[in-house]
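See below for the structure under consideration.
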Amino acid sequence: MTKQRDSAPRAPEGVDTEKPSAARIYDWYLGGTQNWAVDREFGRRMEQQWPLVRPGSKQNREFMNRAVRAALRAGIRQFIDLGSGVPTAGNVHEVVEAELPEDHDATVVYVDYEPVAVAHATLILEEEAATDWAGIVQADMRDAKAVLRAEETKRLIDFSKPVCLMMMAVLHFVGPDDDPIGLLKAYRDKLAPGSWLAISQMSEGDGTGKTLEGLRWFVEQYRKTSNPVWLRDREEIEPLFGDWTLLEPGIVHLPDWRPDRKLNALEAEARPYAWCGIAEKPGA
Ligand SMILES: C[S@@+](CC[C@H](N)C(=O)[O-])C[C@H]1O[C@@H](n2cnc3c(N)ncnc32)[C@H](O)[C@@H]1O
519 MTKQRDSAPR APEGVDTEKP SAARIYDWYL GGTQNWAVDR EFGRRMEQQW PLVRPGSKQN
579 REFMNRAVRA ALRAGIRQFI DLGSGVPTAG NVHEVVEAEL PEDHDATVVY VDYEPVAVAH
639 ATLILEEEAA TDWAGIVQAD MRDAKAVLRA EETKRLIDFS KPVCLMMMAV LHFVGPDDDP
699 IGLLKAYRDK LAPGSWLAIS QMSEGDGTGK TLEGLRWFVE QYRKTSNPVW LRDREEIEPL
759 FGDWTLLEPG IVHLPDWRPD RKLNALEAEA RPYAWCGIAE KPGA
């Protein structure tokens with residue numbers, strides 16, 4: 519029998535395979551396999567109009583990896599990854615494993631509200647025998663209490679010690695009506711001095727990008743789904759860090775945060791369309 523290119527993975531319980539899902543579309547952008555025809559069809563339409571979506575997603579993932587490595591090198595051993603997505607290469611716990619000795623004491627909590635992301639993360643953590651020190655919470659990250667009080671969070675995180683809280687490519691799903699400033703404060707308040715907050719967020723950049731029209735079309739399409747997208751510029755992102763101290767080099771485009779490689783031409787084109795930054799809670 520010929521293997522179908524569009525064959526779908528078996529749907530875990532609770533997964534709606536009729537409607538595209540942001541988590542599974544992003545998995546497709548990154549070249550993953552945990553997506554359905556409906557997700558790929560949506561993803562391909564997006565890519566046709568805005569070809570920078572895949573290089574942009576890769577840059578986001580690479581920033582996330584550099585952020586984890588930087589936090590580890592700064593001595594942080596606890597990670598909460600909000601909107602963690604369908605696990606693909608270079609998940610937080612894999613970076614931790616690659617950086618630390620086998621008998622490390624680090625812990626990781628993944629949080630996502632998409633059942634595929636949760637099912638897949640559970641499977642990976644079980645297969646990699648990592649469930650002692652890493653887990654996943656199925657929750658809406660806009661409900662900070664639900665995330666912070668979840669059993670897995672309580673099991674894995676000691677809030678008297680620093681945590682690296684990660685919001686990578688998830689805040690563009692948090693709209694103005696979700697009170698992003700208040701939400702971020704609720705998370706920041708819970709964390710110990712010395713904690714880090716790492717954010718990446720899609721943006722129109724400086725408004726002069728060659729493919730801005732494509733990006734605007736892309737945003738319009740997501741607005742019609744159950745995962746509408748909001749872009750933010752640099753000035754809107756800065757207050758999300760509250761009074762925490764921005765680490766060098768501040769709020770910059772994804773490839774510019776402590777870069778470790780050169781960009782190709784397409785990647786350079788994608789550069790303006792997202793901001794990122796990491797800040798540390800004072801008082802440590
Ligand atoms: C674009 S992906 C980013 C994945 C990963 N953070 C990364 O940067 O590679 C966004 C993820 O956030 C999840 N997400 C969006 N809104 C969410 C919410 N309110 N609560 C929990 N997860 C959310 C989606 O299901 C998706 O898996």
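Just remember that this note's numbering sits 518 ahead of the position in the sequence shown, which is counted from 1.
Positions of the beta carbon are idealized from the N, C-alpha and C atoms, including for glycine.
Values in this document were obtained by computation on a predicted structure and should not be read as measured data.
Distance from the CA atom of Ala637 to the CA atom of Leu764, rounded to whole angstroms, is 35 Å. Two segments are said to touch when three or more pairs of C-beta atoms, one from each, lie closer than 8 Å; by this definition the segment 582–597 touches the segment 676–685.
Counting only residues of its own chain and dropping the five nearest sequence neighbours on each side, Arg660 has a CB closer than 8 Å to the CB of Val692, Asp696 and Leu701. Rounded to the nearest whole angstrom, the CA to CA distance from Val634 to His622 is 29 Å. Out of Lys728, Thr671 and Ala783, the CA that lies nearest to the CA of Trp651 is found in Thr671.
Measuring C-alpha to C-alpha distances from Leu674 to each of Gly653, Ala607, Asn745 and Gln567 identifies Gly653 as the nearest.
In its chain, beyond the 5 residues on either side, Val613 and Glu617 have a beta carbon closer than 8 Å to the beta carbon of Arg587. In this structure, Asp557 sits away from Pro573, with a CB-CB distance that is not shorter than 7 Å. Counting only the Cα atoms, His690 lies some 13 Å from Thr743. Setting aside the 5 residues that flank it on each side, Glu756 is surrounded in the same chain by Ile769, each with a C-beta closer than 7 Å to its C-beta; the list follows chain order. Glu620 and Gly561 have their alpha carbons spaced roughly 38 Å apart. Going by C-alpha positions, Ile796 is about 29 Å away from Gln552.
Per DSSP, reduced to three states, the secondary structure at Gln739 is helical. In this structure, Glu787 keeps its C-beta atom at 7 Å or more from the C-beta atom of Leu643.
Out of Arg563, Arg595, Thr606 and Ala792, the CA that lies nearest to the CA of Gly549 is found in Thr606. Restricting attention to Trp775, Glu646, Lys780 and Ile594, the CA atom closest to the CA of Asn609 is found in Glu646.
Here Leu590 carries a helix assignment [DSSP, helix/strand/coil]. Taken from the Cβ of Val688, at least one heavy atom of ligand 1 lies inside 6 Å. Look at Thr625 here: in three-state DSSP terms it is strand. For Trp546, the enclosing alpha helix (DSSP H) covers residues Ala540 to Tyr547. Taking the Cβ of Asp697 as the reference point, every heavy atom of ligand 1 lies at 6 Å or farther away. The residue from Glu632, Glu669 and Trp714 with its alpha-carbon nearest to that of Lys799 is Trp714. When secondary structure is reduced to three states using DSSP, Leu781 falls in the coil class, being assigned neither helix nor strand.
As DSSP reads the structure, Trp714 sits in a beta bridge with Cys682 and Glu798. Annotation: Lys703 to Met564 spans about 33 Å, alpha carbon to alpha carbon. Judged by DSSP secondary structure, Phe597 falls within the beta strand (DSSP E) whose first and last residues are Gln596 to Leu600.
Under the 10 Å beta carbon count, Ile699 is surrounded by fewer than 16 other beta carbons and is classified as exposed.
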